[in-house]
Amino acid sequence: MKRDWLPLLLIPALMIGALPLIGSPASWVTLTVAGLAMGLMIFIMASGLTLTFGLMDVLNFGHGAFIAVGAFVAASVMLALAPWMTADSIWLNLAAIGPAVLAAMVVSGVLGLAFERVIVRPVYGQHLKQILVTTGGLIVAEQLLKVIWGPDQITLSRPTALRGAFLFGDVAIEKYRVLAVAVGLVVFAALALTLNRTRIGLLIRAGVENGEMVEALGYRIRRLFVGVFVVGSALAGLGGAMWGLYQETVTAAIGAQVAVLVFIVIIIGGLGSVGGCFVGALLVGLTANYIGFLAPKVALGSNILLMALVLLWRPQGLYPVAKR
Amino acid sequence: MAEPLLSLRGVQTHIGRYHILHGVEFDVAEGGLTMLLGRNGAGKTTTLRTIMGMWRAAAGEIRFDGRDITHLPTPDIARLGIAYVPESMAIFADLTVQENLVLAARSGPPDQKRLDWIFARFEALKRFWTLPAGLLSGGQKQMLAVARAIVEPRRLLLIDEPTKGLAPAIIANMIDAFRELKDGESTLLVVEQNFAFARQLGDSVAVMDDGRVAHQGGMAAFAADSALQQHLLGLGMGEHQ
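Protein chains in written order, with this note's numbering: chain A, 1370 to 1693; chain B, 39 to 279.
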């Protein structure tokens, strides 16, 4: 099967190009791992959104709500299990993180189901209304988070086992970032396997291309969409929980802040493409870290610039999905 | 007289603010091939899409096998045993040829005998089995679109311009395939502009004009009536291909 490797090559090209600019190999390794970790966390949050857009043409600007809810729910569970978080046993640490992440995914998933029913379903096929109503949903969700958890930010401490860094000579790699990379790769592998090796995945890929024809073949794509929406919301919750631990603070605005990066990633990757989302997320994560080190003043705009450059090269994104 | 497999009564369809079908009425008898003919814009494609529920009938009734399907969702209509091949082919370009056919076979992996039968008529599909369908030529995509509709037995096949852009050798294979299907398990309703193809295969014909069925009858009688052809289609069949 003919594959388009060119966008994938951008990742090593960016890494190699950054090395002489950064100068110190130790700093380069640290920044690269940080960039990969950041990128993979964004990928976890963005993957569901790109599929929901691809499947049903739904522009969900409220996706940040699932990220924020995931972060708050996970923070609450971890704070309730604080003694386990601060214990010296990695198993007790994991026993705190596991339920926290699970709770974040379940609550975000259920919220996603309600969001689809109440907010998204009435505006299928109406992009302007989708933007307005889902943005409104995000604002309402943010305010509800303040009502439930209070207006102040929650400070989180990483569990003992994930504090500090692995040292390899001069190279320091934060332990938490290694975990983020591992979780991100597991999520990507699980999505890739589901999409490429299962019948549900086949239906999702076909639905992203031409939902109407999938229905004409006898499949109820609306149900499929609800399923993808819920899974995407749960993944956003997982990403929110991880992002909260990454930042070590959780605020009601966390979802809206990360959602900007999430949208940049899915646009760079090509709307509807999980592979493109993966490559786009890694590019965004690496660029943010390299530019943050080299020219902190322009770091904020670096991802917008990256998006503009990618769209100049490929206006439909790195891996455009064939649409009917 | 036996009840028709498919019947349309007074079907009206709007697309946006345009009123396309103005009370379409015709029957498709079980076990034959009905050609749906008409000038461009007569409403043939809209009729097929309305039968499939892809555009909703604003009025009228569509019955399949004695059951009112007018307001059923598209997947439920397909699950009654109706397959649709759109004019645009609508193959899944990012999926391989194999994946396109696996998806179309709802009841499980495609039957190997059935696949061999399809490959015998559309050899290119076997050759490019693992290739993304988007890389096929126009004619090969058309073969895939038809193969997707017949990868499992279906009671009624709705096919929109199957010969469009096909080489004569492939058209001959398609004629063979449709002939075997109508003599065996399926009933076919085919929209066609290639009148030579229509005349060879059609048992009956419905001719549309301005969103209505202006004539329905046997193909043999229609093929012999050049005045009627001239009146309904603008040209006699003899003047086509």
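Cβ coordinates follow ideal geometry from the N, Cα and C atoms, glycine included.
* Asked: Any residues in the stretch 87-121 of chain B with a beta carbon nearer than 7 Å to a beta carbon of chain A? Which ones, in chain order?
  -> From the stretch 87-121 of chain B, only M90, M92, T112, P113, A116, R117 have a Cβ closer than 7 Å to chain A.
* Asked: For the 8 Å Cβ check, are there 3 or more pairs between the stretch 220-234 of chain B and the stretch 58-75 of chain B?
  -> By the Cβ test, the stretch 220-234 of chain B is in contact with the stretch 58-75 of chain B, since at least three Cβ pairs between them sit closer than 8 Å.
* Residues of chain B with a CB under 8 Å from the CB of N1672(A): which are they? -> Position 303 of the first sequence, counted from the start, is the residue given in the question as residue 1672(A). Chain B residues near N1672(A): none, gap ~27 Å exceeds 8 Å.
* Distance, G1481(A) Cα to S1602(A) Cα -> The residue given as residue 1602(A) occupies position 233 in the first sequence. The residue given as residue 1481(A) occupies position 112 in the first sequence. Their Cα atoms are separated by approximately 5 Å.
* When you compare each of A40(B), P200(B), Q231(B), A116(B) to Q180(B) by their alpha carbons, which one comes out closest? -> Stepping through the second sequence from its first residue, residue 180(B) is reached at position 142. Q180(B) has its Cα closest to that of P200(B), out of A40(B), P200(B), Q231(B), A116(B).
* To do: Count the C-beta pairs between the stretch 1537-1553 of chain A and the stretch 1610-1618 of chain A that are closer than 8 Å, then say yes if the count reaches three, no if not.
  => The way I'd put it, the stretch 1537-1553 of chain A does touch the stretch 1610-1618 of chain A; three or more beta-carbon pairs between them come closer than 8 Å.
* Which of the residues in the stretch 1576-1587 of chain A, read from start to end, lie with their CB under 7 Å from any CB of chain B? -> Close to chain B, meaning a Cβ-Cβ distance shorter than 7 Å, are the following residues of the stretch 1576-1587 of chain A: E1578, N1579, E1581, M1582, E1584, A1585, L1586, G1587.
* Asked: V1442(A) and A1473(A) look like a contact to me (Cβ under 8 Å); what is the Cβ gap, rounded to whole Å?
  -> Sequence index remark: in the first sequence, residue 1442(A) carries index 73 (1-based). Sequence index remark: in the first sequence, residue 1473(A) carries index 104 (1-based). Yes, V1442(A) and A1473(A) are in contact; Cβ-Cβ is about 5 Å, under 8 Å.
* **DSSP beta-bridge partners of A1440(A)** => As a first step, residue 1440(A) must be located in the first sequence, where it is residue number 71. As computed with DSSP, A1440(A) is found in no beta bridge at all.
* Asked: Would you call the stretch 1667-1679 of chain A and the stretch 53-63 of chain B in contact, with 3 or more CB pairs under 8 Å?
  -> No, because fewer than three Cβ pairs between the stretch 1667-1679 of chain A and the stretch 53-63 of chain B fall closer than 8 Å, the two stretches do not touch.
* Asked: DSSP state of F1430(A), grouped into three classes?
  -> Counting from one through the first sequence, the residue named residue 1430(A) turns up at place 61. In the structure shown, F1430(A) sits in coil (DSSP, three-state: anything other than H, G, I, E or B).
* Run of the alpha helix (DSSP H) containing G1481(A), from where it starts to where it stops -> For the purposes of this step, residue 1481(A) is taken as the residue at position 112 of the first sequence. Per DSSP, the continuous alpha helix (DSSP H) segment holding G1481(A) begins and ends at 1459-1484.
* To do: Show which residues of chain A have a CB atom less than 9 Å away from the CB atom of V140(B).
  => By 1-based counting over the second sequence, the position of residue 140(B) is 102. Chain order gives the chain A residues near V140(B) as R1568, L1571, where near means a beta carbon separation below 9 Å.
* Helix, strand or coil for F1647(A), going by three-state DSSP, please let me know. => Position 278 of the first sequence, counted from the start, is the residue given in the question as residue 1647(A). It is helical.
* chain A within 8 Å of F130(B), Cβ atoms only -> Counting from 1 along the second sequence, the entry for residue 130(B) is found at position 92. Chain A, which has a Cβ nearer than 8 Å to the Cβ of F130(B), makes this yes.
* Asked: Thinking just about the alpha-carbon of each residue, which of H1432(A), A1415(A), G1404(A), L1383(A) is nearest to the one in G1644(A)?
  -> Taking the first residue of the first sequence as 1, we reach residue 1644(A) at position 275. Among H1432(A), A1415(A), G1404(A), L1383(A), the Cα nearest to that of G1644(A) is on A1415(A).
* Expressed to the nearest angstrom, what Euclidean distance is found between the alpha-carbon atoms of V1627(A) and A1510(A)? -> Taking the first sequence and counting its residues from 1, the one referred to as residue 1627(A) is at position 258. Taking the first sequence and counting its residues from 1, the one referred to as residue 1510(A) is at position 141. Spanning the two alpha carbons is a distance of roughly 15 Å.
* Could you confirm whether any beta carbon from chain B is found closer than 8 Å to the beta carbon of V1648(A)? => Your numbering for residue 1648(A) matches position 279 in the first sequence. Residue-level contact by beta carbon fails for V1648(A) and chain B, as no gap is shorter than 8 Å.
* What in chain A is Cβ-close to W199(B), meaning under 9 Å? -> For the purposes of this step, residue 199(B) is identified with residue 161 of the second sequence, where counting begins at 1. The sequence given here has Glu at residue 199(B), not Trp. Chain-order list of chain A residues neighbouring E199(B): empty, with the shortest C-beta distance near 16 Å, by a criterion of under 9 Å.
* Asked: Mind checking if L1589(A) is an interface residue toward chain B, Cβ cutoff 8 Å exclusive?
  -> Counting from one through the first sequence, the residue named residue 1589(A) turns up at place 220. According to the sequence shown, residue 1589(A) is Arg rather than Leu. By this cut-off, R1589(A) is an interface position.
* Asked: Rounded to whole angstroms, how far is the Cβ of G98(B) from the Cβ of R47(B), which I believe are closer than 8 Å?
  -> One-based indexing of the second sequence puts residue 98(B) at position 60. One-based indexing of the second sequence puts residue 47(B) at position 9. G98(B) to R47(B), Cβ: 6 Å. Contact.
* **Under the three-state DSSP convention, the category M73(B) falls into** => By one-based count along the second sequence, residue 73(B) stands at place 35. M73(B) falls in the strand class under three-state DSSP.
* **Beta-carbon gap between F1430(A) and L1507(A) smaller than 8 Å** => Counting from 1 along the first sequence, the entry for residue 1430(A) is found at position 61. Counting from 1 along the first sequence, the entry for residue 1507(A) is found at position 138. Against a cut-off of 8 Å, the Cβ pair of L1507(A) and F1430(A) comes out as a contact.
* Return the CA-CA distance between V1648(A) and T1529(A), expressed in angstroms with no decimal places. => Position 279 of the first sequence, counting from 1, holds the residue named residue 1648(A). Position 160 of the first sequence, counting from 1, holds the residue named residue 1529(A). Rounded to whole angstroms, V1648(A) to T1529(A) spans 32 Å at the Cα level.
* Could you tell me which of A187(B), L169(B), A96(B) sits nearest to P124(B), measuring between CA atoms? => Looking up residue 124(B) in the second sequence gives position 86. Of the listed residues, the one whose Cα sits closest to P124(B) is A187(B).
* To do: Classify P1376(A) as helix, strand or coil using the three-state DSSP reduction.
  => Locating residue 1376(A) in the first sequence gives position 7, counting from the first residue. Helix at P1376(A).
* Can you tell which of L1663(A), A1387(A), G1587(A), W1460(A) has the C-alpha that lies nearest to the C-alpha of L110(B)? -> Numbered from its first residue, the second sequence carries residue 110(B) at position 72. Taking only the C-alpha atoms, the option nearest L110(B) is G1587(A).
* For G1386(A), which residues from the same chain have a beta carbon less than 8 Å from its beta carbon, with the 5 sequence-adjacent residues on both sides left out? -> As a position in the first sequence, residue 1386(A) is number 17, starting the count at 1. Result list for G1386(A): empty, nothing under 8 Å.
* Asked: Quick one, which of D114(B), L44(B), A128(B) has its alpha-carbon nearest M1582(A)'s?
  -> Position 213 of the first sequence, counting from 1, holds the residue named residue 1582(A). For the residues D114(B), L44(B), A128(B), the minimum Cα distance to M1582(A) belongs to A128(B).
* **Buried or exposed (CB count within 10 angstroms, at least 16 for buried), W1682(A)** => Taking the first sequence and counting its residues from 1, one reaches residue 1682(A) at position 313. By the Cβ neighbour-count rule, W1682(A) is exposed, with fewer than 16 other Cβ atoms within 10 Å of its own.
* To do: Report the neighbours of R1574(A) on chain B: residues whose CB is nearer than 7 Å to its CB, in chain order.
  => Walking along the first sequence from the start, residue 1574(A) turns up at place 205. Ordered by position in chain B, the residues that pass the 7 Å Cβ test against R1574(A) are D132, L133.
* Minimum Cβ-Cβ distance from H278(B) to chain A less than 8 Å -> Working through the second sequence from its first residue, we reach residue 278(B) at position 240. At H278(B), the pLDDT of 47 sits below 50, so the modelled position is not reliable; the number obtained from the coordinates is stated separately. So no, H278(B) is outside the interface.
* Rounded to a whole number of angstroms, what is the C-alpha to C-alpha distance between Q279(B) and A261(B)? -> Locating residue 279(B) in the second sequence gives position 241, counting from the first residue. Locating residue 261(B) in the second sequence gives position 223, counting from the first residue. Confidence at Q279(B) is low in this model, with a pLDDT of 44, below 50, so its placement is unreliable and no value can be given for it.
* To do: Note down the Cα distance separating G104(B) from A40(B), rounded to an integer number of angstroms.
  => Residue mapping note: residue 104(B) aligns to position 66 of the second sequence, counting from 1. Residue mapping note: residue 40(B) aligns to position 2 of the second sequence, counting from 1. Straight-line Cα distance between these residues: approximately 11 Å.
* Asked: So, helix, strand or coil for M246(B), using DSSP?
  -> In the second sequence, counting from the first residue as 1, residue 246(B) sits at position 208. Looking at M246(B) - three-state DSSP - the assignment turns out to be strand.
* Asked: Taking buried to mean at least 16 other C-beta atoms within 10 Å of its own C-beta, is V1555(A) buried or exposed?
  -> Counting from 1 along the first sequence, the entry for residue 1555(A) is found at position 186. Classification for V1555(A): exposed.
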